[in-house]
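> Below: one structure in structure tokens.
Residue numbers (mature numbering (1 follows the signal peptide of the UniProt record, and there is no 0)): -23 to -1, 1 to 212.
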């Protein structure tokens, strides 16, 4: 009886030694995670800027890191990161295990933007012949570039621009149409009639800006500054 008990105990111990106490989950492939991050970035760029060509490079995490395999992986840009240049991409696993990390990336973008066709002097007004579309490698966020000629025509150059200069909103301004104290004409447009009266502008205004104006009776009215220096009011 004692011999049988000893043999049973030995068999149980051998069984315990042969079976791991708790099986570790399979590890997440870092290469697969990096490739998924690249696909996410390029898909987002195509969704927001379908006219641009994009190449995304994502730095693979330290190979010594080990994460459980993920079946539900989510990506999101880190605060302050944009779909251009360098940034950080957040990776979060939601199932079957919760974990997260950040991956560094770089995005190179190419696409058509407006560029100058000749040197432009400071405070010069751009004309249609002064701009053209050209494909370039974007140095700033896509939304900062002008893309259509009507966006640039009639705008004022804030500084000298060289020929071939890509145009961003920071380089241009609306020309000043009205100066404070200037006598201007205010026009009320209506389908059935039109009223015109002189008034004194109370502030500077660029084309398209709202500006307050004082009429001879002392009343203050507000209108939109036009290129001709007229304040337009639509009732």
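By construction, the Cβ of each residue, glycine as well, lies at the ideal position given by its N, Cα and C atoms.
Please read all numbers here as calculations on a predicted model, not as lab measurements.
In its own chain, which residues sit with a C-beta less than 6 Å from the C-beta of residue 7, not counting the 5 before and 5 after it?
37 and 38
> Can you give me the start and stop residues for the beta strand (DSSP E) that residue 11 sits inside?
No beta strand (DSSP E) holds residue 11; the alpha helix (DSSP H) holding it covers 7 to 25.
> Which runs of the alpha helix (DSSP H) fall wholly inside the region 42 to 129 and span at least 4 residues, in chain order?
Here the runs fully enclosed are 126 to 129.
> Under 8 Å: do the region 97 to 109 and the region 64 to 84 share three or more Cβ pairs, one atom per stretch?
no
> Out of 180, 211 and 189, point me to the one whose CA is closest to residue 168's CA.
211
> Leaving aside the five residues before and after residue 206 along the sequence, list all residues of the same chain whose C-beta is less than 7 Å from its C-beta, in chain order.
Its chain contains 154, 155 and 161 as the residues whose beta carbon lies nearer than 7 Å to that of residue 206, once the 5 sequence neighbours on both sides are disregarded; these appear in chain order.
> To the nearest angstrom, how far is it from the Cα of residue 126 to the Cα of residue 94?
Going by the C-alpha atoms only, they are around 12 Å apart.
> From the DSSP output, which residues share a beta bridge with residue 191?
Residue 191 is bridged to 177 and 197.
> Counting pairs of Cβ atoms below 8 Å between the region 21 to 28 and the region 39 to 50, do you hit three or more?
no
> Counting pairs of beta carbons, one from the region 170 to 180 and one from the region 191 to 201, are three or more of them closer than 8 Å?
Verdict: yes, contact present.
> Apart from the five residues on each side of it in sequence, which residues of its chain come closer than 6 Å, Cβ to Cβ, to residue 119?
Short of 6 Å from the beta carbon of residue 119, and not among the five residues preceding or following it, lie these beta carbons of its own chain, in chain order: 26.
> Verify whether the separation of the beta carbon atoms of residue 144 and residue 91 is less than 9 Å.
yes
> So which of 76, 209 and 96 has the shortest CA-CA distance to residue 182?
209
> Please classify residue 146 as buried or exposed, where buried requires at least 16 neighbouring CB atoms within 10 angstroms.
exposed
> When you compare the CB positions of residue 73 and residue 47, do they come within less than 9 Å of one another, or not?
yes
> Would you decide whether residue 32 is buried or exposed? Buried here means 16 or more other CB atoms lie within 10 Å of its CB.
exposed
> In the DSSP assignment, what are the bridge partners of residue 138?
97
> Could you please give me the residues that DSSP links to residue 144 through a beta bridge?
BP columns for residue 144 are empty, so no partner.
> Less than 6 Å between C-beta atoms, sequence neighbours within five positions excluded: which residues of the same chain meet that for residue 111?
92
> What residue from 158, 170 and 186 has the CA that sits closest to residue 152's CA?
186
> Buried or exposed for residue 5, please, with buried defined as at least 16 other CB atoms from any protein chain shown within 10 angstroms of its CB.
Taking all protein chains in view, the Cβ of residue 5 is crowded by 16 or more other Cβ atoms within 10 Å, so the residue is classified as buried.
> Taking the straight line between their C-alpha atoms, what separation do you get for residue 163 and residue 16?
56 Å
> Per DSSP, which residues does residue 162 bridge with? Please list them.
Checking the DSSP bridge columns, you'll see residue 162 partnered with 175.
> For residue 35, write down the residues that DSSP places opposite it in a beta bridge.
82
> Measure the C-alpha to C-alpha separation of residue 197 and residue 108 and round it to an integer number of angstroms.
Each residue's alpha carbon lies about 40 Å from the other.
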